[in-house]
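At position 135 of the sequence shown (counting the first as 1) the number is 137 in our numbering, and the numbers step up by one without a gap.
Heads up, the thing below is written out as structure tokens.
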Amino acid sequence: MRTQNTTISPSNGNLFAALRAAFPQNLDAVAVETDNGLYYSWRDLDRATAMMANLLESLGLPEGSRIAVQVEKSVEAMVLYLATLRAGFVFLPLNTAYQSAEIEYFIGNAEPAVVVCTAKNFGWVSKIAFKAGTLHVFTLDDDRTGSLLDRAAHCSDQHAVATRHADDLAAILYTSGTTGRSKGAMLTHGNMLSNALVLKEYWGWRADDVLIHALPIFHVHGLFVAIHGALINGSKMIWLSRFDPKLVIRKMLEATVFMGVPTLYVRLLAEPGLTREAARHMRLFIAGSAPLLIETFTEWQNRTGHTILERYGMSETAMLTSNPYFPDQGERRGGTVGYPLPGVSLRVQDDDGNPVPVGEIGGIQVKGPNVFKGYWRMPEKTAEEFTADGYFKTGDVGRIDTLGYVTIVGRSKDLIISGGYNVYPAEIEGYINELPGVAESAVVGIPHADFGEVGVAVVIAKPGATLDPAQIIASMKSQLANFKVPKQCFVVEALPRNTMGKVQKNVLRAQYSAGQPM
Ligand code: MLC
Ligand code: AMP
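See the structure below:
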């Protein structure tokens, strides 16, 4: 059994201090290589984060200020994240697909002191931000332009990392709930550092590893698991501004580690260029954020000779379980998410709060240094989601087998995971129900070859009203992030209900999955 690395134990609990301490001695080595031919050394990252941290500090923001960011993926956007940590503020990343009503909610709820957006969106984003009391709105584009960089260019490249306690907030990630609006999961420096250190050991990171970074950087997977993983290990990243399967395959010859949601693996498998030869330089393929089909797991083994390592986590907890990397810890089992990570206590309980026997199904609950502090300004909601003895109820349903492998079999939360993004039916239904002529609606997830799962909307018209499904979809597209928009919409006479009058979503799911609308 390997022990957790203890070489990085900065006196400062700031996550950035630990990441910085792990930079290699040779600061002139390449830290990040981009798909448009740019090279950033470790010194560049150090200087750029210092300058941006100095800029943030120069604004005289109150302690705990949130820095909300909705920008395209770029190294400078990552620098902004690291600079926010470095200066001790709280990072709030926002999916680039979010539209104005969604952004208005997040900014109104989080009350960020600083908002950073693209130049293209400055008009409407700044209007929303200033209305919510934000003091500073900067722009940042993926071609290294924008007012944020202009201002940072005038700042010193020397900066002492702000001292933070492990329990201080580092980031807020918005994640929707089963009911109501999105909740901000508050993650601390300690949550993320403990997780990064555990994964460094568990996945056997090596100093000469090179990570292909192909995920967006506004969610846990791309922002924390991937970036922290490379930085805490002083490893280079090959930075792709967007996922491009052909480019990933080409870059595999220069890399050793890849992380992706299952859709990325499905799309890579569709490329004839994915062969054993193409993957020969790689050490590890990691999948997560959504269930990896056993067919994908097996086909990957056949095509590349590599066994994908599947792990499981969530915004509120970072990573919780992982299949083993080292063979002496067991095999990587397709269809399972592996063992609870060191330090994570994971149990399965029934609805009455009793532990279920080994191998039986129940709600997954977790406890550990990686588990978040609570939902932003929602103490009641936070209390509801924790048990009396301090376990967080994940909303995932699963079982643990006799060897300790965890399998996720479903979710008690009404959630669709589409291409690794979460879509909450309640939010979409709320939107559809407001459209003229709609009496009610139900949104369910059905299997999809590319995205794993996609939403389907089933809508009932008000008496006398006529609804056009195409119009309903078009209306959603104009208001909601594109990945949330159901791929199909059906107008029907009635929804199936149980004796209590509750809509039977399992019946709808079965009907529409089988392609047999009512
Ligand atoms: C894009 N589209 C999607 C979609 N992504 N539809 C459903 N689900 C998705 N995920 C739709 C768009 O709406 C658009 O439709 C069309 O596809 C083309 O859009 P695009 O932006 O060009 O798509 P593409 O670049 O191909 O993006 C697909 C993708 C992307 C798989 C690369 O979705 C992606 O990067 N997913 C990763 C998400 C992720 O990082 N999740 C981690 C969460 S963290 P139209 O109709 O408008 O043309 C987490 C915790 C943990 O869960 O454990 O890790
Ligand atoms: P998010 O709120 O975006 O962080 O999504 C977290 C959710 O993604 C979890 O609660 C799970 O439902 C799901 N998830 C993450 N990893 C896996 C996995 N490997 N298998 C199945 N579901 C997963």
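The beta carbon of each residue, even a glycine, is placed where N, CA and C say it ideally should be.
{"Item": "Let me know if threonine 468 comes out buried or exposed under the rule of 16 or more other beta-carbons within 10 Å of its beta-carbon.", "Value": "exposed"}
{"Item": "Using DSSP with H/G/I as helix, E/B as strand and the rest coil, what is glutamate 113?", "Value": "coil"}
{"Item": "Do glycine 148 and alanine 121 have their C-beta atoms closer together than 8 Å?", "Value": "yes"}
{"Item": "From Trp205, Ala154, Asp470, pick the residue whose C-alpha is nearest to that of valine 259; which is it?", "Value": "Trp205"}
{"Item": "Excluding five sequence neighbours on each side, which residues of the same chain lie with their C-beta closer than 8 Å to the C-beta of leucine 137?", "Value": "Leu61, Leu63, Ala115, Val116"}
{"Item": "Should glycine 290 and tyrosine 314 be called a contact, given that it needs their Cβ atoms to be closer than 8 Å?", "Value": "yes"}
{"Item": "Do isoleucine 474 and valine 461 count as a contact pair if the criterion is CB distance below 8 Å?", "Value": "yes"}
{"Item": "Please classify lysine 185: is it buried, with 16 or more other beta-carbons within 10 angstroms of its beta-carbon, or exposed?", "Value": "buried"}
{"Item": "Would serine 76 and serine 237 qualify as a contact pair, given that the criterion is a beta-carbon distance under 8 Å?", "Value": "no"}
{"Item": "Please classify leucine 276 as buried or exposed, where buried requires at least 16 neighbouring CB atoms within 10 angstroms.", "Value": "buried"}
{"Item": "To the nearest whole angstrom, what separates the beta carbons of isoleucine 363 and aspartate 398, a pair I think is in contact under 8 Å?", "Value": "That pair is no contact at about 11 Å."}
{"Item": "Shorter than 7 Å, the distance from the beta carbon of serine 420 to the closest heavy atom of the ligand MLC, or not?", "Value": "yes"}
{"Item": "May I ask whether a heavy atom of the ligand MLC can be found less than 7 Å away from the beta carbon of tyrosine 267?", "Value": "no"}
{"Item": "Got a sec, what are the start and stop residues for the alpha helix (DSSP H) valine 268 sits in?", "Value": "264 to 271"}
{"Item": "Among Glu59, Asn97, Tyr407, which residue has its Cα nearest to the Cα of glycine 90?", "Value": "Glu59"}
{"Item": "For threonine 5, which three-state DSSP category applies?", "Value": "The pLDDT assigned to threonine 5 is 42, lower than 50, so where the model puts this residue is not dependable, and the model offers no usable value."}
{"Item": "Taking Cβ to Cβ, would you say cysteine 157 is nearer than 8 Å to asparagine 56?", "Value": "yes"}
{"Item": "For valine 445, count neighbouring Cβ atoms within 10 angstroms of its own Cβ and tell me buried if that reaches 16, exposed if not.", "Value": "buried"}
{"Item": "Looking at glutamate 318: is its Cβ nearer than 8 Å to the Cβ of phenylalanine 220?", "Value": "no"}
{"Item": "Find the nearest neighbour of asparagine 235 within the set Lys248, Arg335, Arg208, judged by alpha-carbon distance.", "Value": "Arg208"}
{"Item": "With burial defined as no fewer than 16 other Cβ atoms inside 10 Å of the residue's Cβ, what is the status of glutamate 78: buried or exposed?", "Value": "buried"}
{"Item": "Is it true that the segment 246 to 265 meets the segment 43 to 53, where meeting means three or more beta-carbon pairs spaced less than 8 Å apart?", "Value": "no"}
{"Item": "Can you check the segment 121 to 152 for any alpha helix (DSSP H) of at least 4 residues that lies completely inside it and give the ranges in chain order?", "Value": "124 to 133"}
{"Item": "With distances taken between CB atoms, is the gap from isoleucine 174 to methionine 188 smaller than 8 Å?", "Value": "yes"}
{"Item": "Is asparagine 435 buried or exposed, if buried means 16 or more other CB atoms sit within 10 Å of its CB?", "Value": "exposed"}
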